[in-house]
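Trainee:
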Amino acid sequence: MNILSDLRKGLKTPKIYLPILLLLVCLLIPLFGISPYFIHVLAVTFFYISYSSSWNLLAYSGQASFGHAAFLGIGGYVTTIFTIQTSIPWLGLLLGALVSAFAGILVGLTCVRLREWFLALVTLGFSIIMVALTIELHWLTGGVYGLAVPSLLPSVNHYYYGMLALTVFLVFIIYLITKSKIGLAFVAIRENESEAKATGIDVTKYKLLAFTMSAFFAGLIGAFYAHFISYINYQIFHLDYSFWPIIISVIGGIATIEGPIIGSSLMFCIIEFLRVIRPLVETIDPVIKLNYPKIQVLLMGIILVVVVIKMPKGISPWLRKYLISISK
Amino acid sequence: MNRVNIVGIIVLIAIAIASPIIAGSFFAPPPAFIGPEFLVQIVAWGLIIGCIYVLLASGLNLIFGVMKVVNFSHGEFMILGGYVSYWVSILVGLDPYLSIFVSMVVIGLVGVLTERVCFRRVLGTSKLNEIILSLGLIYVLQNAMAISWTDKPIQIRSPFEFVTVSFGVVRMGLDWLIVIGVTVLIMAGFYILIKRTEVGRAMRATSQNRSAAMLMGINVERMDMFSFGLGTALAATAGTLLAILAPITPQAGAIPALKAFTIIVLGGLGSTIGAVVGGLVYGLVENSTIVLLGATWKDAIAFAILILVLIIRPTGLFGEKEA
């Protein structure tokens with residue numbers, strides 16, 4: 001298998017050591033007795049890495065979903081309802097992912113023929129329809145009040161490792177997909193759809209495959225996330241949940257493996273930095289004190305606009321160039 | 329107007345009438361209190377909300393026609409317009425309906441600036457970049473507004489707030505009639521500007537064929553700027569009228585803008601008449617949906633119709649053949 005030989009080759013270059021080092025650091029962090037709050041925030045960061053990666057896989061095939069929260073929420077709701085009804089743990093995760101993948105096929109069937117704007121609108125509309133459905137089917141989903149999700153793991157640290165394992169697993173799987181023949185077809189479709197068709201790639205099939213896989217991963221993450229935050233209501237379909245993976249992936253680097261990781265880490269750094277300097281800044285003006293969370297989001301919005309205008313490929317190519325220049 | 333357009337408009341109206349009735353009969357029995365007066369009230373309120381959508385969709389449509397850009401942050405310009413009118417009417421004491429013009433000018437300039445600083449830099453790079461840029465603008469504008477003026481809902485106090493006019497069985501607020509009148513006036517002005525003036529002709533030429541327009545000596549970049557400014561000015565009008573009719577918050581703009589885009593997809597991308605008819609029809613559909621199905625479906629119905637239409641015709645109701 002050429003991926004294994006790639007890996008063996010990769011071990012000789014310094015490129016492979018950076019992810020391994022990062023992974024080691026992530027594995028060791030809870031052992032240093034860091035506060036549960038920090039562990040929680042890191043776990044949420046992992047959630048955003050894996051969730052954005054699932055979005056990015058779809059973007060890899062040239063399709064940008066603007067309602068990915070629908071798949072996240074379906075995964076979350078299915079696992080919640082299943083676990084409550086049958087009290088069988090863990091199986092719900094897989095079930096949620098499968099139902100989400102099925103929804104992905106349905107949405108994908110509508111979307112494969114559409115252009116960018118329509119695709120954005122249909123996926124977004126699907127997540128808004130899901131809100132109405134969730135509230136309407138209150139006997140099943142708890143309506144506006146939502147449901148308490150049964151716990152899978154005993155402590156924050158366990159969830160931290162669970163989230164880490166899930167993230168590493170997903171990023172690795174997505175890496176394998178993008179390196180395979182399927183990934184090559186995705187790139188061909190993304191770069192030029194009619195040329196891809198001319199070279200004999202079944203565009204519809206591959207676009208649908210991208211949708212299904214992306215929805216499957218998003219459902220899996222959503223299911224685990226629901227257990228992690230231990231409560232689910234219709235807010236999981238909120239536009240913010242749909243837009244954050246886009247913001248993160250675009251800032252990090254759209255259609256790259258490292259993009260979501262860089263984007264999420266940057267978001268984590270910004271939010272933590274703002275939290276640390278908060279007492280200092282708040283003394284300046286009462287307006288800042290009152291609107292602190294909004295200032296964080298405003299800052300992310302400004303970064304997004306600047307990144308789209310100044311470096312449309314995101315931070316990742318720039319960072320790569322920088323790493324190459326210092327390794328020489 | 330050709331035959332396809334007429335057929336399309338009939339289809340739209342049929343959808344408008346049929347969808348709530350069909351949906352209503354499936355999901356819930358229609359409430360027993362629907363009498364003729366109530367029906368007229370529903371239609372009236374639907375048309376008034378439709379007016380807001382007409383203004384919003386026309387602006388979006390103009391920007392799309394000329395620049396081929398979908399401005400997802402259009403709703404934020406609308407809300408910004410509402411806030412500008414609110415402050416003008418409070419600080420200067422201007423009549424809310426006259427402050428529309430101040431708001432149009434201010435938001436038009438903001439729109440021109442946004443086009444110049446943001447959209448022009450990414451124009452033509454990729455469709456995705458343009459969409460994501462407008463997504464970023466949603467976050468920037470929403471939070472900037474929320475920081476400046478808090479999340480508290482505001483409503484513009486109209487001088488005719490408690491005046492009602494009765495037509496036979498129906499009683500309507502005077503404000504409702506003025507809103508319809510203002511919309512008609514603004515849309516008439518917009519129509520004349522597009523169809524009868526030199527600038528309008530240049531804009532239409534740019535929207536039909538950009539490179540040919542450039543060869544004819546039209547400054548297409550100036551047309552981009554102008555159409556964006558005009559589009560956002562129309563959004564500012566919509567925002568002011570909305571703030572007169574109902575309270576607004578900084579976050580209230582995102583969903584109406586998406587619905588406005590749905591309307592222009594259904595009414596035909598780039599078709600002026602389509603946006604007007606689509607907006608009114610959609611106002612009726614939404615309002616009857618609220619009555620028949622409940623407020624839960626208020627936002628979902630637009631997208632349900634959109635998805636159904638796009639399944640049948642992937643390029644929209646009157647979209648070009650080429651996908």
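Going line by line, the protein sequences match chains G and H. Under the numbering used here, residues 1 to 328 are what the first sequence spells out, in order. Under the numbering used here, residues 329 to 651 are what the second sequence spells out, in order. C-beta: ideal position from N, C-alpha, C; glycine also.
(1) Three or more C-beta pairs closer than 8 Å, one from the region 377–391 of chain H and one from the region 587–594 of chain H: is that the case here?
(2) Please name the residues in the region 626–638 of chain H whose beta-carbon is closer than 7 Å to at least one beta-carbon of chain G, in chain order.
(3) So who's on the other strand from Gly-494 (chain H), going by DSSP bridges?
(4) Below 9 Å on C-beta distance, what does Val-276 (chain G) contact in chain H?
(5) Are there 16 or more other CB atoms within 10 angstroms of the CB of His-158 (chain G), so buried, or fewer, so exposed?
(6) Apart from the five residues just before and just after Pro-317 (chain G), which ones in its own chain have a Cβ nearer than 7 Å to its Cβ?
(7) Decide if Met-544 (chain H) is buried, meaning its Cβ has at least 16 other Cβ atoms within 10 Å, or exposed.
(8) Along the chain, where does the alpha helix (DSSP H) containing Thr-568 (chain H) start, and where does it finish?
(9) Determine the extent of the alpha helix (DSSP H) in which Asn-457 (chain H) is found, giving its start and end residues.
(10) Taking only beta carbons into account, state which residues of the region 302–315 of chain G come closer than 7 Å to chain H, listed in chain order.
(11) Using 8 Å as the Cβ pair cut-off and three pairs as the minimum, do the region 204–212 of chain G and the region 182–189 of chain G touch?
(12) So if DSSP puts Ala-148 (chain G) in a beta bridge, which residue, or which two residues, is it bridged to?
(13) With a 10 Å radius around its C-beta and 16 neighbouring C-beta atoms as the bar for buried, classify Met-531 (chain H) as buried or exposed.
(14) Got a sec, what are the start and stop residues for the alpha helix (DSSP H) Gln-536 (chain H) sits in?
(15) If you reduce the DSSP assignment to three classes, tell me which class Ile-88 (chain G) lands in.
(16) Within 10 angstroms of the Cβ of Phe-495 (chain H), are there 16 or more other Cβ atoms? Answer buried if so, exposed if not.
(17) CB-CB under 7 Å to Leu-95 (chain G), same chain, minus the five flanking residues each way: which ones, in chain order?
(18) Looking only at C-alpha atoms, which of H:Lys-626, H:Leu-608, H:Ala-564 sits nearest to Ile-583 (chain H)?
(19) Examine the ligand MN and report whether any of its heavy atoms sits within less than 6 Å of the Cβ of Gln-579 (chain H).
(20) Tell me Ile-482 (chain H)'s beta-bridge partners as DSSP assigns them.
(21) Using a Cβ-Cβ distance under 7 Å, would Lys-289 (chain G) count as near chain H?
(22) What does a CB cutoff of less than 6 Å around Met-395 (chain H) pick up in its chain, not counting 5 residues either side in sequence?
(23) Do Met-163 (chain G) and Ala-43 (chain G) have their C-beta atoms within less than 7 Å of each other?
(24) I'd like the list of long-range same chain contacts for Val-250 (chain G), defined as Cβ closer than 7 Å, with 5 residues on each side in sequence excluded.
(25) From the DSSP output, in three-state form, read off Gly-314 (chain G) for me.
(26) Interface residues of chain H around Lys-294 (chain G) at Cβ under 7 Å?
(27) Of all the CB atoms in chain G, is at least one closer than 7 Å to the CB of Ile-459 (chain H)?
Mentor: Here's the rundown:
(1) yes
(2) Asp-627, Ala-628, Phe-631, Ala-632, Leu-634, Ile-635, Leu-638
(3) Numbered from its first residue, the second sequence carries residue 494 (chain H) at position 166. Correcting the residue type first, residue 494 (chain H) is Ser in the shown sequence and not Gly. Paired residue(s): H:Arg-499.
(4) Within the first sequence, residue 276 (chain G) is the residue found at index 276, counting from 1. Here the premise fails: no neighbours, minimum Cβ distance about 21 Å.
(5) If you number the first sequence from 1, residue 158 (chain G) lands on position 158. Exposed: under 16 other Cβ atoms inside 10 Å.
(6) One-based indexing of the first sequence puts residue 317 (chain G) at position 317. The residues are Gly-253.
(7) The residue labelled residue 544 (chain H) in the question sits at position 216 within the second sequence. Met-544 (chain H) is exposed by the Cβ-count criterion.
(8) On the second sequence, position 240 is the one that residue 568 (chain H) refers to. Counting along the chain, the alpha helix (DSSP H) containing Thr-568 (chain H) begins and ends at 548–573.
(9) Mapped onto the second sequence, residue 457 (chain H) falls at position 129. Per DSSP, Asn-457 (chain H) belongs to the alpha helix (DSSP H) from 455–477.
(10) Ile-302, Leu-304, Val-305, Val-308, Ile-309, Pro-312
(11) yes
(12) Numbered from 1 along the first sequence, position 148 holds the residue referred to as residue 148 (chain G). In the DSSP output, where bridge partners are listed per residue, Ala-148 (chain G) has G:Tyr-231.
(13) Counting from one through the second sequence, the residue named residue 531 (chain H) turns up at place 203. The residue is buried, with at least 16 neighbouring Cβ atoms inside 10 Å.
(14) Here the question's residue 536 (chain H) lines up with position 208 in the second sequence. It spans 526–536 - the alpha helix (DSSP H) in which Gln-536 (chain H) sits, taken as one unbroken run.
(15) Sequence index remark: in the first sequence, residue 88 (chain G) carries index 88 (1-based). The answer is coil: DSSP assigns Ile-88 (chain G) none of H, G, I, E or B.
(16) As a working note, residue 495 (chain H) is residue 167 in the second sequence. Its Cβ having fewer than 16 others within 10 Å, Phe-495 (chain H) is exposed.
(17) To locate residue 95 (chain G), count along the first sequence from 1; it is residue 95. Taken in chain order, the residues that qualify are Val-78, Thr-79, Phe-82.
(18) The sequence position of residue 583 (chain H) within the second sequence is 255, counting from 1. Closest by alpha carbon: H:Lys-626.
(19) With respect to small molecules bound, the structure shown includes none, and the ligand MN cannot be examined in it.
(20) For the purposes of this step, residue 482 (chain H) is identified with residue 154 of the second sequence, where counting begins at 1. Note: Ile-482 (chain H) sits in a beta bridge opposite H:Ile-576.
(21) In the first sequence, residue 289 (chain G) corresponds to position 289, counting from 1. Chain H, which has no Cβ nearer than 7 Å to the Cβ of Lys-289 (chain G), makes this no.
(22) Along the second sequence, read from residue 1 onward, the residue named residue 395 (chain H) stands at position 67. Here the set comprises Asp-552.
(23) In the first sequence, the residue the question calls residue 163 (chain G) occupies position 163. In the first sequence, the residue the question calls residue 43 (chain G) occupies position 43. Cβ atoms of Met-163 (chain G) and Ala-43 (chain G): closer than 7 Å.
(24) The residue you call residue 250 (chain G) lines up with position 250 of the first sequence. Answer for Val-250 (chain G): Leu-304, Val-307, Val-308, Gly-314, listed in chain order.
(25) On the first sequence, residue 314 (chain G) is found 314 positions in, with the first residue counted as 1. If DSSP states are grouped into helix, strand and coil, Gly-314 (chain G) belongs with coil.
(26) On the first sequence, position 294 is the one that residue 294 (chain G) refers to. Simply Asn-471, Ala-474, Ile-475.
(27) As a position in the second sequence, residue 459 (chain H) is number 131, starting the count at 1. Yes, because at least one Cβ of chain G sits closer than 7 Å to the Cβ of Ile-459 (chain H).
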